[in-house]
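One structure is given below, encoded as C-alpha cells.
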Amino acid sequence: METVPARARGYVAAVAVLALLCLLPLPTLRTPWWALGLLAALYAACEYVVRRRFGGTFHPVLLAGAFLLPPPAAALVPLPAALLCPVEQRPALLRRVWRAAQPALAVWGAATVHWTLGGRDAVVGSDFPYALLPAGAAVLAFCLILTALDGGILAVTERVPLRRAWRGLLSRTLAPVAVHGLAGLMMAVLWRSPYGPVAALLVLLPMYVSWWVFAQYHRQRAAHQATIRALVQAVDIKDGYTRGHSERVGQASVLIARELGMDDERVEVLRFAGILHDVGKLGVPTRLLRKDGPLTPEERRIIELHPEYGHEMVRGISFLGEARTAILHHHERLDGSGYPYGLAGDRIPECARVVAVADAFDAMTSTRSYSRARPVATALAELERCAGAQFDPRMVGALARALHRQGWHPAVTADEPPHRAASQPQVPSKGTPQ
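Residue numbering for the sequence shown follows our numbering, beginning at 664 and increasing consecutively.
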C-alpha cells in the first residue's frame, strides 16, 4: 500500500463507497438469488480463464446480469471474481477492491438505464428489434462509467490532466464492449426462453473463440514490437551518441501523420518507420559512427550506405509495409541532391518525406555529446527555411501545427559526460540541418 499515492487510495476508497451505496436497496427487492449466484460464479470462472490465458477481461456475463437482474443485484455479479482471481501486482487488497468496485458501478449504471427504458420486458418478451435500444443505451452507460473511472484513476495516480487521461478511452472501449453487449443480450434472451440458462451458456463458446483469435493477434503484435525493440536497442548500443533518437523520431512522425489525417493503421506504420529509420547503421563500422573529427569523403560515402543496409535488413519483415520504403529514402531531398538514389519531388515516397522532417527536427532539438539542443522555434525556422529544397513543405507545416498544440520536450540522449561536448566536433549528415 505504501507504494500507491494517498490520493489514489482515497480515489479507490471513494469508488468503493459509491459501489456499496448502489447495494443499499437490495434488501427491499425481490432478487432471484439463484440467478445472481449462477451469473456471479460464471463470471468468476470466465474472468479466471480469460485473465490467465488472454490477459483481458470478459464483459458478456456482466452485461447479461445487467439485462436480467435488478440494478443492485447486478452490481454484486463482479464480487466473487474480484475476490477469487489471482492478483499479480501489489498491493493486492487495493487492486481487489478496485476490481470489485469499478465493474460494480458500471454494471449498476447499465442495469439502471436498461430497466428505465423497459429493457426487462423487451428481454422477457423477446421483443426485437426494440430490445436492442435499451441494450445499446445500457452498453453506452457501461462504457461511459468505465471510461470515467479509468481516466480518474490515471489522473490521480500519474497527475495527468483529466482531459488527457480520458482522451481516446471511450473510442477504444466502445467497439469491443458493444460486441460483448450483443453477446450478453443473447444470453439474457436465451436465459428467459423455455430452454433456460443452459442455452444461454452456449453463447460463451463463440465468444471464447473470438477471444482466442483476438489474443493471437495481440501476441503477434507483441512479437512485432519485440522485434523492433531489439533492432533499436542494437542501434543505440552501437551509436550511443544518439540514444533515444529513434523513439523520438517515431513520435514526431506520428505527430505529422496524424496532422495530415492519415488513418490509424498508416500512423502506426509511420511510427515503425521513424523508430527504424537508422537501423542500417548496424552495417556501418562503429569506428566511423564514433569517430572524433570530420569524416573523409570515403568515410562519408560508407555512412551514406546505411539507408540501403537498413532496407535490406528489414526487407523480409512483412508487417512493416511502406516503412521499409521510408527507411530506404529518408535522406532523399526534394531538389534531388539527397541519397541513396537522388530522387526528387513527388518521386520520394510520402512516408520518407515524413520521416525526413521528423529526423531532422529531433537531431536539432536533442542535446548530444557533440552538439547542443536548439530551441524548438529555432529548429522549426530552420526546417521552414529548407522547405521546398530539402523538405516537403506539407510535412514541415504539419509538424509546426502539431507542436503548436501539443509542444515538444527534447531529451538529453548522449552517454558521454557534458565536458565532451566542447571538444567533440559535430559530424552532420549530408543535407541535414543540425
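Don't be surprised by glycine CBs; every beta carbon is placed ideally from N, CA and C. Bear in mind the structure is a predicted one, so any value in this text is a computation, not a measurement.
- Separation of residue 769 and residue 966 (C-alpha to C-alpha, rounded to the nearest whole angstrom) is 57 Å.
- If only uninterrupted alpha helix (DSSP H) runs of at least 4 residues are considered, those enclosed by the segment 666–719 are 669–685 and 696–716.
- With a 10 Å radius around the Cβ and a threshold of 16 neighbouring Cβ atoms, residue 821 comes out exposed.
- Out of 848, 682, 782 and 1040, the CA that lies nearest to the CA of residue 1070 is found in 1040.
- The beta-bridge partner set that DSSP reports for residue 800 is empty.
- Residue 1054 is bridged by DSSP to 1050.
- Taken through DSSP and simplified to helix, strand or coil, residue 993 comes out as coil.
- CA-CA distance, residue 693 to residue 843, rounds to 27 Å.
- With contacts defined as CB atoms closer than 8 Å, residue 1011 and residue 992 qualify as a contacting pair.
- Relative to the Cα of residue 815, the nearest Cα in the group 837, 796, 761 and 867 belongs to 761.
- Looking at the backbone, the Cα of residue 787 and that of residue 732 are separated by about 12 Å.
- In this structure residue 841 touches residue 802 by the C-beta definition: roughly 6 Å separates them, less than 8 Å.
- Of 1043, 911, 886 and 997, the smallest CA-CA separation from residue 983 is found for 886.
- Look at residue 748 here: in three-state DSSP terms it is coil, with no helix or strand label.
- Inclusion of residue 737 and residue 771 in the CB contact set at 8 Å is warranted, their separation being smaller than that value.
- Taken through DSSP and simplified to helix, strand or coil, residue 777 comes out as helix.
- Listed in chain order, the non-local C-beta contacts of residue 1003 below 6 Å within the same chain comprise 970 and 971, local neighbours out to five positions each way being set aside.
- A Cβ-Cβ distance of about 12 Å is found for the pair residue 741 and residue 774, leaving them out of contact under the 8 Å criterion.
- The count of Cβ pairs closer than 8 Å, one atom from the segment 924–934 and one from the segment 957–965, stays below three, leaving the stretches out of contact.
- By the Cβ-count criterion, residue 879 is exposed, with fewer than 16 other Cβ atoms from all chains shown falling within 10 Å of its own Cβ.
- Scanning 997, 796 and 894 for the CA closest to the CA of residue 976 turns up 894.
- Here the alpha carbons of residue 790 and residue 784 stand approximately 8 Å from one another.
- With a contact defined as Cβ atoms closer than 8 Å, residue 919 and residue 1065 qualify at about 7 Å.
- Shown here, residue 959 sits in coil according to DSSP, grouped into three states, outside any helix or strand.
- Judged by beta-carbon spacing, residue 994 lies within the 8 Å limit of residue 1001, meaning their Cβ atoms are closer than that value.
- DSSP places residue 1071 in the coil class of the three-state scheme, outside both helix and strand.
- Per DSSP, the continuous alpha helix (DSSP H) segment holding residue 1027 begins and ends at 1013–1028.
- For residue 1023, the closest C-alpha among the options 1049, 985, 710 and 833 is that of 1049.
- As the crow flies, the alpha-carbon of residue 777 is around 30 Å from that of residue 757.
- Taking C-beta atoms as the reference points, residue 782 and residue 804 fail to come closer than 8 Å.
- When the beta-carbon positions are compared, residue 936 and residue 891 stay at least 8 Å from each other.
- By the Cβ neighbour-count rule, residue 868 is exposed, with fewer than 16 other Cβ atoms within 10 Å of its own.
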